[in-house]
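Numbering (this note's numbering), first residue to last: 7 to 344. Ideal Cβ positions, reconstructed from N, Cα and C, are used throughout, including at glycine.
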């Protein structure tokens, strides 16, 4: 007991002399040596990372997924999440991940392809600066070697800021496929920040920004933030406190093949003539997939008697003409079955 008290007094005196010393940051490496890929399995790490650690999730040049899985019931944490070499991946279907330090360096070198698949759960950036960074590389390295992909169909990410990519002038790429879920972005380090090589494609998901973040206007104008691959419509709303980006899908095809403002029997005859062949809209390809087939007929059938989506109404077919046309269609389809 005496020795312990003396040692305690000595350490206290040393702290007074040297001042408070910040704890060292530990570098924890993912090994994947366990029988599963669970983040919570000690066999998959040097040791389980904590909020003060740098967690390295690196992969060999092998088929992904090869990285951690966070699922319901798992409470994961790290100071910084880093993917910096090889072909690496991570999956999150539930649970929580707290990043209590710098944030995330996903795709952090000139020789990495890092993919994150998220369908559920919640990621919280609680440290400083709390930035979600993807695709960084040094200017001394060959350009275009850093690639980061974020595929999201559900869940929530609460980031204080982003950098997509972090090295926009070096050929790095950062792609966010937002097909569900919500991304919340604060104002740290300029909030939502993108550069050349960044791409956000929104379908079913949404991005909610703290404040107006007017720099986003330039990203939209540059085609870095799109809806449904550029075919849909980007919905941009600001309520004075938060700016929300979401999307509406593209129109369901156009069966007005002759462009006269009405989908009628003339359009059916065009489809009939092009059926079974490659073609464009003028030949009966209503959905734009390069083929004239049954899918295009179903679009024509759905739009028959009215204008195409977004078009002005033309003359509506008379009931007698409609009946005759349906009889003709029945005969054509019957013949094609034989």
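For residue i, which residues does DSSP report across the bridge?
i: residue 171; result: Residue 171 pairs with nothing; no bridge assigned.
i: residue 84; result: 105
i: residue 45; result: For residue 45, which the question treats as bridged, DSSP gives no partner whatsoever.
i: residue 152; result: 118
i: residue 165; result: 191
i: residue 95; result: 121
i: residue 158; result: 124, 184
i: residue 33; result: 60
i: residue 110; result: 87, 138
i: residue 51; result: 36
Taking the Cβ atom as the reference point for each residue, do residue i and residue j lie within a distance shorter than 8 Å?
i: residue 283; j: residue 269; result: no
i: residue 45; j: residue 76; result: yes
i: residue 176; j: residue 208; result: no
i: residue 89; j: residue 72; result: no
i: residue 203; j: residue 141; result: yes
i: residue 278; j: residue 249; result: no
i: residue 229; j: residue 192; result: no
i: residue 137; j: residue 165; result: yes
i: residue 86; j: residue 101; result: no
i: residue 139; j: residue 112; result: yes
i: residue 116; j: residue 92; result: no
i: residue 233; j: residue 247; result: no
i: residue 58; j: residue 41; result: no
i: residue 187; j: residue 211; result: yes
i: residue 293; j: residue 301; result: yes
i: residue 160; j: residue 109; result: no
Grouping DSSP H, G and I as helix and E and B as strand, with all else coil, what is residue i?
i: residue 143; result: coil
i: residue 129; result: strand
i: residue 242; result: strand
i: residue 253; result: strand
i: residue 284; result: strand
i: residue 306; result: helix
i: residue 268; result: coil
i: residue 76; result: strand
i: residue 135; result: coil
i: residue 297; result: strand
i: residue 248; result: strand
i: residue 274; result: helix
Heavy atom of the ligand SAM less than 7 Å from the Cβ of residue i, yes or no?
i: residue 49; result: In the structure on display, the ligand SAM does not appear, and there are no ligands present to speak of.
Closer than 8 Å by C-beta to residue i: which residues in its own chain qualify, once you throw out the five before and the five after it? Chain order, please.
i: residue 39; result: 49, 50
i: residue 80; result: 44, 45, 46, 100, 101, 102
i: residue 197; result: 167, 168, 191, 215, 216, 217, 219, 221
i: residue 29; result: Per-residue confidence for residue 29 stands at a pLDDT of 46, beneath the threshold of 50, marking its modelled position as unreliable; the derived number appears in the next sentence. Excluding positions up to five away in sequence, the list reads 58.
Leaving out the 5 sequence neighbours to the left and right, which residues in its chain are closer than 7 Å to residue i when beta-carbon positions are compared?
i: residue 315; result: 257, 258, 260
i: residue 134; result: none
i: residue 244; result: 218
i: residue 147; result: 116
Grab me the residues of residue i's own chain with a C-beta within less than 6 Å of its C-beta, minus the 5 sequence neighbours each way, in chain order.
i: residue 173; result: 142, 143
i: residue 55; result: 34, 61, 84
i: residue 200; result: 170, 225, 230
i: residue 422; result: Missing from the structure shown is residue 422; the chain here goes from 7 to 344 and no further.
i: residue 276; result: 263, 290
i: residue 163; result: 129, 189
i: residue 272; result: 264
i: residue 149; result: 176, 177
i: residue 82; result: 45, 76, 103
i: residue 180; result: 140, 141, 154, 170, 171, 204
i: residue 239; result: 233, 254
i: residue 122; result: 96, 156
In chain order, each beta strand (DSSP E) run of at least 3 residues that lies wholly inside the segment 168 to 236: The segment 168 to 236 contains these whole beta strand (DSSP E) runs: 179 to 184, 188 to 191, 204 to 208, 212 to 216, 231 to 233.
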